[in-house]
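Engineer: Each residue of the sequence shown is one higher than the one before, counting from 90 in the numbering used here.
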Amino acid sequence: MAPFDYKKEYDRYKRYYLSMEPVLTKPVNQAYTAIIFSFLAVSLFGWYAIRPTVQTIVTLKREIADKTVLNKQMEDKISALIEAQATFGDVEQNLGVITQALPTSSDPVTAIAQLQGLAQESNVTITALSLPSLPLSQKQIGKQQSPSPTIVSFVVPMSVTGTYADVKNFLQSIGNLRRIIQINSMVFAPRTERMSQATESATPQATGTMVTVDLKLTVYYMESGALQPKTSQQEGESLL
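(1) Alpha carbon to alpha carbon, how far is residue 165 from residue 265? Give it in angstroms, no decimals.
(2) For residue 207, which residues from the same chain have a beta carbon less than 8 Å from its beta carbon, with the 5 sequence-adjacent residues on both sides left out?
(3) On the DSSP letters alone, give me the boundaries of the alpha helix (DSSP H) that residue 211 sits inside.
(4) Please confirm whether residue 249 and residue 279 have their CB atoms less than 8 Å apart.
(5) Can you tell me whether residue 138 is buried or exposed? The criterion is at least 16 other CB atoms within 10 Å of its CB, across all chains shown.
(6) For residue 247, which option in 275, 169, 157 has the closest C-alpha, if you only look at C-alpha atoms?
(7) Look up residue 303 in the DSSP assignment and give the residues it is bridged to.
(8) Use the C-beta contact count for residue 192: other C-beta atoms within 10 angstroms, 16 or more gives buried, fewer gives exposed.
(9) Leaving out five residues on either side along the sequence, give the residues of the same chain with a beta carbon under 8 Å from the beta carbon of residue 216.
(10) What's the gap between the Cα of residue 132 and the Cα of residue 169?
(11) Check residue 193 in the structure and name its three-state DSSP category.
(12) Since residue 269 is in the alpha helix (DSSP H), which residue starts that stretch and which ends it?
(13) Using the rule of at least 16 other Cβ atoms within 10 Å of the residue's Cβ for burial, across every protein chain shown, is residue 128 buried or exposed?
(14) Can residue 271 and residue 304 be called in contact, C-beta distance under 8 Å?
(15) Could you tell me which of 181, 199, 180 sits nearest to residue 189, measuring between CA atoms?
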């Protein structure tokens, strides 16, 4: 490889620039050259100056879009909460009735009291009534608890006596009690006693005919933390 001859190269570049001098010294060429270099300079420095601003604008637009979506979701949740609060306000006044219909403990005393009151209103006599052994309150349920409540029931065998019309009214009115009580079975038996206006050939449906009805009623309540749905069917204690 031949050594670098700087004198020869210097002379070559010198001749090149000298040949370009007449062109560059022309006013038109000088103007174009100034414009081109000015444009390049502005473009170069403008790019480095504007680029951070452009990046910031793009980032802000993306954040605004994300915040808009989040804001819409929050507005939907707030609307749902307001609607739920309004719904709760509508039913809050009925919570007492709901609790009476499905109490959180067995509360057999209240159920029996309602049946006795209904029997008195219907002019029938309760001749037999028994209850199974069951917890009277949540404290007696003890450790057998789970997170979800369960509908539980217990069976109440009872017998009532009265005229056919009064007994029919009593049976139909059981469904109107505040407490949820369901009739599982009933057996009618006419009594030998008759009212004075009844005849020996009167059927149970006849006016004034005395009948006895053996019933099995199911009383429901909400047991918080019951392990599984259950029906208390233990042999009960006779109350009458």
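The beta-carbon is built from N, C-alpha and C at its ideal position, and this holds for glycine as well.
Structural biologist: Taking the structure as given:
(1) By one-based count along the sequence shown, residue 265 stands at place 176. By one-based count along the sequence shown, residue 165 stands at place 76. Each residue's alpha carbon lies about 41 Å from the other.
(2) The residue labelled residue 207 in the question sits at position 118 within the sequence shown. Within the same chain, residue 207 has close Cβ partners 259, 262, 263, 266.
(3) Your numbering for residue 211 matches position 122 in the sequence shown. Here the alpha helix (DSSP H) through residue 211 covers 197–211.
(4) Stepping through the sequence shown from its first residue, residue 249 is reached at position 160. Stepping through the sequence shown from its first residue, residue 279 is reached at position 190. In this structure, residue 279 does not lie closer than 8 Å to residue 249 by Cβ.
(5) To locate residue 138, count along the sequence shown from 1; it is residue 49. Counting Cβ neighbours within 10 Å, residue 138 comes out exposed, since fewer than 16 surround it.
(6) For the purposes of this step, residue 247 is identified with residue 158 of the sequence shown, where counting begins at 1. Here the closest residue by C-alpha is 275.
(7) Numbered from 1 along the sequence shown, position 214 holds the residue referred to as residue 303. The partner list for residue 303 (beta bridge, DSSP) reads 248, 276.
(8) Residue numbering aside, residue 192 sits at position 103 when the sequence shown is read from its first letter. Label assigned to residue 192: buried.
(9) On the sequence shown, residue 216 is found 127 positions in, with the first residue counted as 1. Within the same chain, residue 216 has close Cβ partners 248, 249, 250, 301, 329.
(10) Numbered from 1 along the sequence shown, position 43 holds the residue referred to as residue 132. Numbered from 1 along the sequence shown, position 80 holds the residue referred to as residue 169. For residue 132 and residue 169, the distance between alpha carbons rounds to 54 Å.
(11) As a position in the sequence shown, residue 193 is number 104, starting the count at 1. Residue 193 falls in the coil class under three-state DSSP.
(12) Taking the sequence shown and counting its residues from 1, one reaches residue 269 at position 180. It is not in any alpha helix (DSSP H) - residue 269 carries neither H nor E in the DSSP assignment.
(13) To locate residue 128, count along the sequence shown from 1; it is residue 39. Under this definition residue 128 is an exposed residue.
(14) Numbered from 1 along the sequence shown, position 182 holds the residue referred to as residue 271. Numbered from 1 along the sequence shown, position 215 holds the residue referred to as residue 304. Against a cut-off of 8 Å, the Cβ pair of residue 304 and residue 271 comes out as no contact.
(15) Reading the sequence shown from its first residue, position 100 is the one you call residue 189. When each option's Cα is compared against that of residue 189, the closest is 199.
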